[in-house]
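Chains as they are written, first to last, in the numbering used here: chain Z, 2 to 285; chain B, 2 to 285. Just so it is clear, CB atoms sit at the ideal spot from N, CA and C, and this is done for glycine as well. Written out below as structure tokens is the structure these notes cover.
Protein chains: 2
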Amino acid sequence: MTLLADLADTRANRSKSAHKLAVCVVDDPQAIVSMSTAALASLACVSEPTVNRFCTGLGFKGFPDFKLALAGELARKQPRIAQNIEADDSTGLVAAKIFESTIATLTSTQDQMNLDAVHQAVDVLAEARSITLCGLGASASVALDAQHKLLRFPIPVMAHTDIINQRMLVTGLSSADCLICISYTGRTEAIIELAKLGKATGATVVGITAPHSPLAGNCDLVLGVTSEEDTELYTPMTSRIAQLVMIDILVTSLALAKGQEFLDHQLAVKQSLASTRADKACPL
Amino acid sequence: MTLLADLADTRANRSKSAHKLAVCVVDDPQAIVSMSTAALASLACVSEPTVNRFCTGLGFKGFPDFKLALAGELARKQPRIAQNIEADDSTGLVAAKIFESTIATLTSTQDQMNLDAVHQAVDVLAEARSITLCGLGASASVALDAQHKLLRFPIPVMAHTDIINQRMLVTGLSSADCLICISYTGRTEAIIELAKLGKATGATVVGITAPHSPLAGNCDLVLGVTSEEDTELYTPMTSRIAQLVMIDILVTSLALAKGQEFLDHQLAVKQSLASTRADKACPL
DNA sequence: ATTAAAGTGTAATAAAACAACATATTGGTG
DNA sequence: CACCAATATGTTGTTTTATTACACTTTAAT
Numbered sequence: 002m003t004l005l006a007d008l009a010d011t012r013a014n015r016s017k018s019a020h021k022l023a024v025c026v027v028d029d030p031q032a033i034v035s036m037s038t039a040a041l042a043s044l045a046c047v048s049e050p051t052v053n054r055f056c057t058g059l060g061f062k063g064f065p066d067f068k069l070a071l072a073g074e075l076a077r078k079q080p081r082i083a084q085n086i087e088a089d090d091s092t093g094l095v096a097a098k099i100f101e102s103t104i105a106t107l108t109s110t111q112d113q114m115n116l117d118a119v120h121q122a123v124d125v126l127a128e129a130r131s132i133t134l135c136g137l138g139a140s141a142s143v144a145l146d147a148q149h150k151l152l153r154f155p156i157p158v159m160a161h162t163d164i165i166n167q168r169m170l171v172t173g174l175s176s177a178d179c180l181i182c183i184s185y186t187g188r189t190e191a192i193i194e195l196a197k198l199g200k201a202t203g204a205t206v207v208g209i210t211a212p213h214s215p216l217a218g219n220c221d222l223v224l225g226v227t228s229e230e231d232t233e234l235y236t237p238m239t240s241r242i243a244q245l246v247m248i249d250i251l252v253t254s255l256a257l258a259k260g261q262e263f264l265d266h267q268l269a270v271k272q273s274l275a276s277t278r279a280d281k282a283c284p285l
Numbered sequence: 002m003t004l005l006a007d008l009a010d011t012r013a014n015r016s017k018s019a020h021k022l023a024v025c026v027v028d029d030p031q032a033i034v035s036m037s038t039a040a041l042a043s044l045a046c047v048s049e050p051t052v053n054r055f056c057t058g059l060g061f062k063g064f065p066d067f068k069l070a071l072a073g074e075l076a077r078k079q080p081r082i083a084q085n086i087e088a089d090d091s092t093g094l095v096a097a098k099i100f101e102s103t104i105a106t107l108t109s110t111q112d113q114m115n116l117d118a119v120h121q122a123v124d125v126l127a128e129a130r131s132i133t134l135c136g137l138g139a140s141a142s143v144a145l146d147a148q149h150k151l152l153r154f155p156i157p158v159m160a161h162t163d164i165i166n167q168r169m170l171v172t173g174l175s176s177a178d179c180l181i182c183i184s185y186t187g188r189t190e191a192i193i194e195l196a197k198l199g200k201a202t203g204a205t206v207v208g209i210t211a212p213h214s215p216l217a218g219n220c221d222l223v224l225g226v227t228s229e230e231d232t233e234l235y236t237p238m239t240s241r242i243a244q245l246v247m248i249d250i251l252v253t254s255l256a257l258a259k260g261q262e263f264l265d266h267q268l269a270v271k272q273s274l275a276s277t278r279a280d281k282a283c284p285l
């Protein structure tokens with residue numbers, strides 16, 4: 002996971018031909034894998050021994066060894082593919098497919114993730130007077146999970162899963178508050194209405210939902226989560242996982258942004274939980 | 002993902018030396034990757050061209066090409082490693098680490114998974130008169146998520162996250178019922194007590210928790226979920242994801258076990274939800 | 001401007017992979 | 001059971017590929 006990243010690093014001080022080689026490799030690593038020393042040498046306009054020196058300089062035994070490492074890294078990068086469950090699959094196969102599909106969704110979410118949006122969302126959360134989380138159906142438990150995580154911060158947080166209570170609460174928000182709307186499809190009318198309502202109050206509305214969906218259009222900030230899963234037959238599985246991981250990232254970043262303030266509060270929370278344990282020592 | 006599996010297939014009809022080679026490769030693929038034709042030839046006690054023919058026979062351009070494919074497959078197999086977040090990590094790095102750690106937990110959960118327990122759990126759920134789900138803290142939202150999934154079956158399902166209500170309900174269970182207790186640590190006293198209470202009523206108690214934990218000891222059936230994550234500082238992230246995926250597997254297997262009965266009910270549920278959509282067409 | 005150090009290329013060498021051919025093994029048939 | 005054809009395997013030789021040794025060039029510091 003570091004080879005290509007290292008080679009792509011422009012700050013690294015490399016010799017002229019080493020740089021040419023690095024560019025070639027980063028440009029099309031897949032092609033390099035099936036090349037000979039001579040081929041790469043002519044591609045990069047350097048001599049064959051230079052290719053070899055480049056490889057040994059990176060810590061490999063030689064060019065073939067380098068290619069092996071490159072092939073490995075590319076194979077690791079290659080996304081897994083979501084696999085649909087068939088009616089006659091064995092339990093073992095079902096499990097394997099679900100793991101595989103979940104991982105596939107995670108990697109594609111990672112690829113599509115908009116870091117700027119996360120940054121902005123962290124800023125909003127850090128400054129917010131209060132945080133309100135809303136979701137329905139499968140997204141209700143995601144909202145509750147986010148609430149649980151945010152409870153570790155000394156900020157008023159509330160998750161609501163009842164459409165009436167949601168509307169009541171959102172109506173009372175102000176520009177100092179933050180509303181987080183969660184929906185996989187981004188098409189649940191009740192939640193879209195809620196986002197509009199929230200926006201009207203001046204609160205910052207963050208959506209954890211499908212990009213370019215109706216809900217996304219009514220949010221100030223969108224943390225996009227997509228997946229190709231077949232929700233026709235089953236309720237969202239992998240997309241919900243992606244939403245939760247997105248929340249993990251958001252909350253963890255917030256914790257780092259808050260720094261010491263968070264750590265102090267964290268300790269206090271931990272102590273208050275200790276007595277709930279069977280061995281009176283372990284944290285949550 | 003098929004190369005090594007194919008080579009390990011003993012049923013495949015291979016020639017004598019092809020078999021010797023397959024055995025050598027499967028036995029220590031990592032070693033093969035850094036071998037020359039000659040080295041593998043002498044290891045398998047065959048001639049060098051045989052090695053080459055073996056590779057081309059498998060559809061590769063030659064031995065080096067085969068090694069590349071093998072290296073790729075090994076790299077893909079190699080588990081990812083959970084990475085702890087550092088205070089000065091950038092948002093991008095935090096995101097990358099969280100994705101990586103989540104995937105790492107998923108693969109290790111998959112490795113440790115006890116298929117028999119899943120089978121038995123499916124049987125229990127399929128026969129149960131009612132299903133009660135209990136969890137506290139982070140596991141409360143997992144319980145609610147499981148409830149949401151199980152609501153798609155025509156069985157009475159209820160998730161409870163209030164310790165008083167939980168005890169009230171569990172006291173009323175009978176041997177026809179199923180109680181699912183969810184806890185990451187397996188050390189939350191309230192949940193352990195609940196499992197004991199449930200067992201006393203004769204209900205089948207299923208634990209989604211850490212294997213060999215106090216809670217696990219008080220369950221009839223344990224779906225083990227572990228992770229090496231550092232819960233000292235943050236609330237469970239990756240372990241909760243693993244729990245949710247475990248529930249996905251359980252519910253999906255149950256759906257397959259129920260067969261047509263489930264599909265019919267599923268259609269009815271979908272129709273009842275259609276009117277909640279912005280475009281009145283999309284399912285949940 | 002000089003010089004040492006690092007970088008690069010040319011040519012030669014060694015190693016590895018592959019191809020062509022010869023031999024052996026297998027499995028079916030009379 | 002002997003025979004043949006098809007397949008599999010090994011031996012030798014050739015080609016390709018990778019590496020080494022050495023000479024030349026550039027770079028950077030005094």
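| Query | Result |
| --- | --- |
| Val47 of chain Z versus Met36 of chain Z: straight-line alpha-carbon distance, rounded | 15 Å |
| Val206 of chain B vs Ala191 of chain B beta-carbon contact at 8 Å | no |
| Partners in chain B for Ala45 of chain Z, counting only beta-carbon separations shorter than 7 Å | Per Cβ cutoff of 7 Å: no residues; Ala45 of chain Z is ~20 Å from chain B at best. |
| Chain-ordered neighbours of Pro212 of chain Z on chain B, where CB pairs are closer than 8 Å | Within 8 Å Cβ-Cβ: nothing; Pro212 of chain Z doesn't reach chain B, min ~15 Å. |
| Alpha-carbon to alpha-carbon, Ser140 of chain Z and Glu87 of chain B | 30 Å |
| Collapsed DSSP secondary structure at Ala204 of chain B in the structure displayed | coil |
| 8 Å contact criterion, which Thr103 of chain Z and Val143 of chain B should meet: CB distance rounded | So it is not a contact: roughly 15 Å between Cβ atoms. |
| CB of Leu4 of chain Z within 8 Å of CB of Ala97 of chain Z, strictly | no |
| Own chain residues within Cβ distance below 7 Å of Cys283 of chain Z, not counting five before or after | Model confidence at Cys283 of chain Z stands at a pLDDT of 43, short of 50, so the residue's coordinates are unreliable; what they give is reported in the following sentence. There are no such residues. |
| Same chain only: Cβ atoms within 7 Å of Ser16 of chain Z, ignoring 5 sequence neighbours per side | none |
| Terminal residues of the beta strand (DSSP E) in which Leu222 of chain B lies | 222-225 |
| Cys283 of chain Z, DSSP secondary structure in three states | Residue placement at Cys283 of chain Z is poorly supported in this model, since its pLDDT is 43, which falls under 50; the coordinates are not used for a value here. |
| Nearest-angstrom Cα separation, counted from Gly199 of chain Z out to Pro155 of chain Z | 23 Å |
| Cross-strand partners of Gly138 of chain Z (DSSP beta bridge) | Its beta-bridge partners do not exist; DSSP assigns none. |
| Phe100 of chain Z at chain B interface by Cβ criterion, 8 Å | yes |
| Against chain B: residues of the region 49-68 of chain Z by CB proximity under 9 Å | Lys62, Pro65, Asp66, Lys68 |
| Residue-chain proximity (Thr38 of chain Z, chain B), Cβ-Cβ < 8 Å | no |
| Contact set for Lys21 of chain Z: own chain, Cβ-Cβ below 8 Å, skip 5 residues either direction | Ala45, Cys46, Val47 |
| 6 Å Cβ shell around Arg81 of chain B - same chain, five flanking residues per side excluded | Glu101, Ile104, Ala105 |
| Within chain Z, the residues that Glu74 of chain B reaches when beta carbons sit closer than 8 Å | Ala76 |
| Alpha-carbon to alpha-carbon, Ile248 of chain B and Ala147 of chain B | 6 Å |
| Chain Z contact for Gln111 of chain B (CB, 8 Å cutoff) | yes |
| Buried or exposed (CB count within 10 angstroms, at least 16 for buried), Pro215 of chain B | buried |
| Beta-carbon proximity check, Gly73 of chain Z vs Leu94 of chain B, cutoff 8 Å | no |
| Check whether Thr189 of chain Z and Leu134 of chain Z have beta carbons under 8 Å apart | no |
| Any C-beta of chain B under 8 Å from that of Ala139 of chain Z | yes |
| Where Leu145 of chain B falls: helix, strand or coil (DSSP) | helix |
| Own chain residues within Cβ distance below 7 Å of Pro306 of chain B, not counting five before or after | Chain B is shown only over 2 to 285; residue 306 of chain B falls outside these bounds and no answer can be derived. |
| 7 Å Cβ cut-off: residues of chain B touching Gly93 of chain Z | Leu116 |
| Neighbour flag for Ile242 of chain Z against chain B, beta carbons, 8 Å | yes |
| Residue burial classification, Leu116 of chain Z (beta-carbon count within 10 angstroms, cutoff 16) | exposed |
| Burial state of Ile165 of chain B, where buried means 16 or more other Cβ atoms lie within 10 Å | exposed |
| Chain Z within 8 Å of Ser131 of chain B, Cβ atoms only | no |
| For Cys182 of chain Z, three-class secondary structure by DSSP | strand |
| Cα-Cα separation, Ala243 of chain Z to Leu170 of chain B | 33 Å |
| Simplified DSSP assignment, three categories, for Met159 of chain Z | strand |
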